[in-house]
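Note that the sequence shown covers residues 68 to 330 in the numbering used here. Cβ coordinates follow ideal geometry from the N, Cα and C atoms, glycine included. Source: prediction; values computed, not measured. Working notes for the structure below.
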Amino acid sequence: MEKPRRLKVIACEILFRELCYCAAHAQQCVDLTFLPKALHDIGARQMSERLQQAVDATDLGAYDAILLAYGLCNNGICNLRSPLPLVIPRAHDCITLLLGSRERYQELFNRYPGTYYQSTGWIERAVDSNSQPNSVTVQLGISCDYHAYVAKYGEENARYLMEMLGDWTKHYSRLVYIDTGFGDFGTYAQATQREAEERGWAYEWVQGNTGLLQRLLDGDWNTQDFLVIPPNTPIEPTYDDRIICCGKICRTSPRWVRAPGSS
C-alpha cells in the first residue's frame, strides 16, 4: 500500500467545521492549523506577514507539502513562499471554498453581484473589526460614529466625513446563507434571514459544497482548481481567471504532483 503523504494545512478558522470533516475523511495524513478570521481586517501586508509566520513555523522534516485553505483574500496571500511545495486553491476568497468551485461562485456573482455571504463559520467566528487595534477601520480612523466625529472634528466636518465614508452596506442588496451541513445551520439560516429583512435586503439559502476542500486535503490537485508552487517561489496574483501564479511566470506543477489517473 502506498504510504500517505503528510500534509500541513494552514487555514482560516471560518472553515473549521468543514475542514475538520474533510480531514477525518482525507486520503492523506493531515494536520490542521487555524488562524483567526480577524486577519481579513488588518490589511493585505499584515495578513501576509502573519501567514508567513505560520508557514515558517512548520516543521519542514515532518511534511511533504503545506496547504493553504485560503483564497487570494484581497491579496492577503501574496508574496508568501515556503521551503516546501505550497498548494493553494484557485479562489478569490473563502466563498469559493464554501461553494465548491469558482465556476459556481462566478455564476452566482453574475446573477446577483450585490450579495453578502454568511456561513456557520462566518457567524460563529464573527468579531467586531473596530475592536481590533490593527484593523483597517481603526487604522484609517473610520470606526467612529457621528457623535465621536463631532467631538473630535466639529459638526460640519463630522457631516462631511460621514457622507464621504458612507456605509459599506450600501453596496449590497442581498444576503445569502451558505449551508454546508455543519453546525446549528437551521438557527443560523433563520438569523441570516432576519438580518436581511432588517436591512431591507433579499434573502436566499444556498447549498454549500466541501468538494474543493476535500480534494485539497486528499492531494487531488488538478491545475485548473489548484496551484502547486515550487519551494521558495512567491505567490502572485494574475488578475485573470487563473487568480494566482508562481512568481512572475506561471509554471506547471512539479513532477511529484499528479492528479489521479494522470501519467
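Simplified DSSP assignment, three categories, for residue i
i      : result
Ser240 : coil
Lys219 : helix
Ala182 : Residue identity check: residue 182 is Thr in the sequence provided, not Ala. In the structure shown, Thr182 sits in a strand (DSSP, three-state: E or B).
Ile155 : strand
Phe249 : coil
Asn201 : In this prediction, Asn201 has a pLDDT of 46, which is less than 50 and means its spatial position is unreliable; what the coordinates show is noted afterwards. Note: Asn201 maps to coil in three-state DSSP.
Glu69  : coil
Leu136 : Checking the sequence shown, residue 136 turns out to be Ala, not Leu. If DSSP states are grouped into helix, strand and coil, Ala136 belongs with the strands.
Ile302 : strand
Ile144 : coil
Thr259 : helix
Ser196 : Unreliable placement is indicated for Ser196, whose pLDDT of 41 sits below 50; the coordinate value is still reported in the next sentence. Helix, per DSSP.
Asn177 : helix
Ile109 : coil
Gly286 : coil
Thr277 : coil
Gln206 : Low local confidence applies: a pLDDT of 41 at Gln206 is under 50, so the model's placement there is unreliable, and no value is given.
Rounded C-alpha distance that separates residue i from residue j
i      : j      : result
Tyr261 : Lys104 : Before going further, note that residue 261 is Arg rather than Tyr in the sequence given. For Arg261 and Lys104, the distance between alpha carbons rounds to 23 angstroms.
Leu106 : Arg117 : 8 angstroms
Asp285 : Gln95  : 6 angstroms
Lys237 : Leu127 : 46 angstroms
Gly409 : Leu242 : Since the first residue shown for the chain is 68 and the last is 330, residue 409 is missing from the structure and cannot be characterised.
Ala263 : Cys161 : 21 angstroms
Ala111 : Gln120 : 14 angstroms
Trp288 : Ser240 : 36 angstroms
Glu170 : Phe293 : 13 angstroms
Cys145 : Lys70  : 32 angstroms
Gly188 : Tyr179 : 22 angstroms
Cys87  : Asp307 : 31 angstroms
His159 : Ser168 : 11 angstroms
Tyr60  : Cys79  : It is not possible to answer for residue 60, since the shown part of the chain is limited to 68 through 330.
Gln113 : Asn141 : 12 angstroms
Tyr183 : His92  : 30 angstroms
Ala193 : Ala124 : 26 angstroms
Phe101 : Arg266 : 32 angstroms
Ala218 : Gly314 : 48 angstroms
Opening and closing residue of the beta strand (DSSP E) in which residue i lies
i      : result
Asp98  : 96-102
Arg73  : 73-79
Gln274 : 269-274
Leu294 : 293-296
Ile311 : 311-313
Continuous alpha helix (DSSP H) stretch holding residue i: start and end
i      : result
Ile190 : 187-191
Glu85  : 83-92
Ala124 : Here Ala124 belongs to no alpha helix (DSSP H), and DSSP marks it neither H nor E.
Thr163 : 161-166
CB-CB length for residue i against residue j, believed under 8 angstroms
i      : j      : result
Ile245 : Gly275 : 4 angstroms
Val122 : Ile77  : 7 angstroms
Ser115 : Gly143 : 6 angstroms
Ala256 : Trp272 : 6 angstroms
Thr247 : Glu85  : 5 angstroms
Pro304 : Ser149 : With a Cβ gap of about 18 angstroms, Pro304 and Ser149 do not count as contacting.
Glu191 : Gly250 : 7 angstroms
Contact with chain B by residue i, beta-carbon distance below 8 angstroms
i      : result
Gly110 : Included in the structure is just one protein chain, with no chain B present.
Beta-carbon proximity of residue i to residue j, cut-off 8 angstroms
i      : j      : result
Leu279 : Leu164 : yes
Arg157 : Ile310 : yes
Leu134 : Leu283 : yes
Leu82  : Tyr130 : no
Cys89  : Gln281 : yes
Ala136 : Leu151 : no
Leu139 : Leu147 : no
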